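According to this note's numbering, the residues represented by the sequence shown are 1 to 376, in order.
Positions of the beta carbon are idealized from the N, C-alpha and C atoms, including for glycine.
Every value quoted in this text rests on a predicted model; they were computed, and no experiment measured them.
Everything below concerns the one structure shown next.
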Amino acid sequence: MTSTDERINLLGLTPSRLRAWFAEMGEKPFRANQVLKWVHHRRVDDFDAMTDLAKSLREKLKEVAFIRPPEVVLDQQSADGTRKFLLDTGSGNSVEMVYIPEDDRATLCISSQVGCSLTCTFCSTGRQGFNRNLSTAEIVGQLWVAERLIEQRLPTGKAISNVVFMGMGEPLLNEQAVVDAAELFLDDYGYGLSKRRVTISTSGIVPAIDRLGERLPISLAISLHAPNDALRDELVPINEKYPLDVLMAACDRYAEVVPHGTILYEYVMIEGKNDSLAHADEMVELLGPRREAVKVNLIPFNPFEGSGYERSSRNRIMRFAKRLRDNGINTVARKTRGDDIDAACGQLAGQVTDRSRRQDRLAKMGLDRGVVEVTR
Ligand code: SAH
Ligand code: SF4
Numbered sequence: 001m002t003s004t005d006e007r008i009n010l011l012g013l014t015p016s017r018l019r020a021w022f023a024e025m026g027e028k029p030f031r032a033n034q035v036l037k038w039v040h041h042r043r044v045d046d047f048d049a050m051t052d053l054a055k056s057l058r059e060k061l062k063e064v065a066f067i068r069p070p071e072v073v074l075d076q077q078s079a080d081g082t083r084k085f086l087l088d089t090g091s092g093n094s095v096e097m098v099y100i101p102e103d104d105r106a107t108l109c110i111s112s113q114v115g116c117s118l119t120c121t122f123c124s125t126g127r128q129g130f131n132r133n134l135s136t137a138e139i140v141g142q143l144w145v146a147e148r149l150i151e152q153r154l155p156t157g158k159a160i161s162n163v164v165f166m167g168m169g170e171p172l173l174n175e176q177a178v179v180d181a182a183e184l185f186l187d188d189y190g191y192g193l194s195k196r197r198v199t200i201s202t203s204g205i206v207p208a209i210d211r212l213g214e215r216l217p218i219s220l221a222i223s224l225h226a227p228n229d230a231l232r233d234e235l236v237p238i239n240e241k242y243p244l245d246v247l248m249a250a251c252d253r254y255a256e257v258v259p260h261g262t263i264l265y266e267y268v269m270i271e272g273k274n275d276s277l278a279h280a281d282e283m284v285e286l287l288g289p290r291r292e293a294v295k296v297n298l299i300p301f302n303p304f305e306g307s308g309y310e311r312s313s314r315n316r317i318m319r320f321a322k323r324l325r326d327n328g329i330n331t332v333a334r335k336t337r338g339d340d341i342d343a344a345c346g347q348l349a350g351q352v353t354d355r356s357r358r359q360d361r362l363a364k365m366g367l368d369r370g371v372v373e374v375t376r
């Protein structure tokens, strides 16, 4: 360990925590606000540039803190303007973040974990296993880096108008860090985004959905992907723990507290698996009674090597969408963006040294005791 490791990365401190920390150091809260503005509004990483702080405070901060986002190791641009960044997370691992510009907005798709411990069969992240949770600083650092690197600006002067937790990982299995990061995304001294414009996508971790509703009701997307338990158990195995009736009840509670009153349901279209009209009818049965609070996003399956699945044809997607719409369900068939650079949903691979499965394997062999960490 170097002394650097003992200092605090300011990117990971919520405004209230930074103010409390400043108070402990005998500094006034407005000093913390000044620092927040330097860090998140002007994206300064050098205390000497914070010219409205006393020199003595700057020197003190240098001793106890630093400002450092994850390092960008690859930056790829798609023909459609989508841009994929590979971020180093140490130990030979990396995560990905994707920038998706549209006419009047620009969305940043960020990661919350290195890999994922869940095993959805159609997702390449799920196939890779889990290494570790990202810290708040590593999550906030993604938006910080994007705002710093992307030249193209929206009329607001910002590069990014929307943030979605749809990159690698299950955000609600890294709850505290994700909620702290989201708090900074919303705070006026952070990134000033509205609750509508920050979305958590989850495979359905029910107790965490309820806690989010109480703590920070930002937009919620549910990875539904199947309209009945038998099929969802297969595609999204966490369904065995939180089956559809339990999940939908949590969604109904969440719809009551989220400002716009709707939940987004994501449904990946896999040829011959979940894309028939019978499946659409089951979707109508499931979502119809709550249609006022529902928006469905049909995502064409993005293939990856060895997935064993194929993308539904355009016709089947349109037919499925029409059946939902004809039954009053707000449905959008999402365009696939950035698939020429493997930046589309579920193609985010990064680099994951799987600890969980290695531990399982070692445990099976009776070799788990005493193993601290094995990296490649
Ligand atoms: N773990 C969270 C967020 C990350 S995945 C979740 O599951 O919701 C973001 C979205 O991409 C999810 O809806 C996920 O189901 C979808 N996805 C995963 N693999 C995909 C693939 N191969 N093609 C299309 N969408 C995929
Ligand atoms: Fe994890 Fe989401 Fe992929 Fe499922 S779809 S394996 S929850 S990242």
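Beta-carbon proximity of M269 to P227, cut-off 8 Å:
no
Distance, Cα to Cα, A249 vs R319?
28 Å
How many Å lie between C42 and E151 at the Cα?
According to the sequence displayed, residue 42 carries Arg and not Cys. Using only the alpha carbons, I get a separation of about 14 Å.
Can you name, in chain order, every residue of its own chain whose Cβ lies under 7 Å from the Cβ of N377, other than the five neighbours on each side?
Only positions 1 to 376 of the chain appear in the structure, and residue 377 is not among them; the question remains open.
Residues bridged to L220 by DSSP?
I200
Given 7 Å as the limit, tell me if E170 has its C-beta closer than that to any heavy atom belonging to the ligand SAH.
yes
Take the Cβ of P15 as the centre, count every other Cβ of all protein chains shown within 10 Å, and call the residue buried at 16 or more, exposed below.
buried
Is it buried or exposed for R325, if we count other Cβ within 10 angstroms and need 16 for buried?
exposed
Could you spell out the range, first to last residue, of the alpha helix (DSSP H) harbouring T331?
It is not in any alpha helix (DSSP H) - T331 instead sits in the beta strand (DSSP E) that spans 330-333.
May I ask you to check if the CB of M248 is nearer than 7 Å to at least one heavy atom of the ligand SAH?
no
Looking only at DSSP bridge pairs, what is T107 linked to?
I100, N162
Suppose contacts are defined by Cβ-Cβ distances below 8 Å. Is R215 in contact with A280 by that definition?
no
Are T202 and L172 closer than 8 Å when you measure CB to CB?
yes
Taking DSSP as the reference, what is the three-state secondary structure of N9?
strand
Distance between beta carbons of K195 and I218, contact taken as under 8 Å
5 Å
Once the 5 residues before and after L18 are set aside, which same chain residues still bring their CB inside 8 Å of it?
L10, A32, V35, L36
Output yes or no for whether 8 Å exceeds the beta carbon distance between G169 and S111.
yes
Assuming R314 and F130 make a contact with CB atoms under 8 Å, what is their CB distance in whole Å?
Between F130 and R314 the Cβ distance is about 34 Å, and since that is not below 8 Å, they are no contact.
Coarse secondary structure for A79, derived from DSSP in three states:
coil
Give a single yes or no on whether V268 has its beta carbon closer than 7 Å to a heavy atom of the ligand SAH.
yes
Can you name, in chain order, every residue of its own chain whose Cβ lies under 6 Å from the Cβ of D187, other than the five neighbours on each side?
P15
Can you find a heavy atom of the ligand SF4 that lies under 7 Å from the Cβ of L298?
no
Should E102 be labelled buried (16 or more other beta-carbon atoms within 10 Å of its own) or exposed?
exposed
Compute the Euclidean distance between the alpha carbons of N327 and P155, then round it to the nearest angstrom.
38 Å
Taking I209 as the reference, which of E59, D229, E175, V236 has the closest Cα?
E175
Hey, quick one: how far does the beta strand (DSSP E) through M318 stretch, first residue to last?
Counting along the chain, M318 falls outside any beta strand (DSSP E), though it belongs to the alpha helix (DSSP H) covering 314-326.
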